[in-house]
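Student: Numbering (full-length UniProt numbering), first residue to last: 1 to 89.
Every residue gets a Cβ at the ideal spot worked out from N, C-alpha and C, and that includes glycine.
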Amino acid sequence: MTVTLKDFYADWCGPCKTQDPILEEIEKDRGDSFEIEKVNVDEEQDVANEYQVRSLPTLIIENEDGIVERFVGVTQRDDIESALDQAGA
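What follows is the structure, encoded as structure tokens:
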């Protein structure tokens, strides 16, 4: 089962910079079980619109069945890992 974590961010977004180290830690510890796809909303507005991203950072975890979880704002590691587990990562 493929699990993807889409990280919607912008270079100018302060909270996005706070979220980055949390995602890097999770990727280092369990990166083989899922993939992170970083989406710069300034460069990929069509993707952001498709996922109805209105605030940053937004994290969307999905698997073959679709979106499992959506987080808006800085999200703690435990919450992200719980959603990854739920998605099958």
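Among Glu81, Cys13, Lys17, Ser82, which residue has its Cα nearest to the Cα of Asp42?
Tutor: The candidate whose alpha carbon is nearest that of Asp42 is Cys13.
Student: Grab me the residues of Thr4's own chain with a C-beta within less than 6 Å of its C-beta, minus the 5 sequence neighbours each way, in chain order.
Tutor: Contacts found: Glu35, Glu37, Glu62.
Student: Could you round the C-beta distance between Pro57 and Pro21 to whole angstroms and report it? I think they count as a contact, below 8 Å.
Tutor: Rounded, the Cβ-Cβ distance is 12 Å, inconsistent with contact.
Student: Got a sec, what are the start and stop residues for the alpha helix (DSSP H) Leu59 sits in?
Tutor: Careful: Leu59 lies outside any alpha helix (DSSP H), inside the beta strand (DSSP E) at 58-63.
Student: Assuming Leu59 and Asp7 are in contact, meaning their beta carbons sit under 8 Å apart, how far apart are those beta carbons, in whole angstroms?
Tutor: Leu59 to Asp7, Cβ: 6 Å. Contact.
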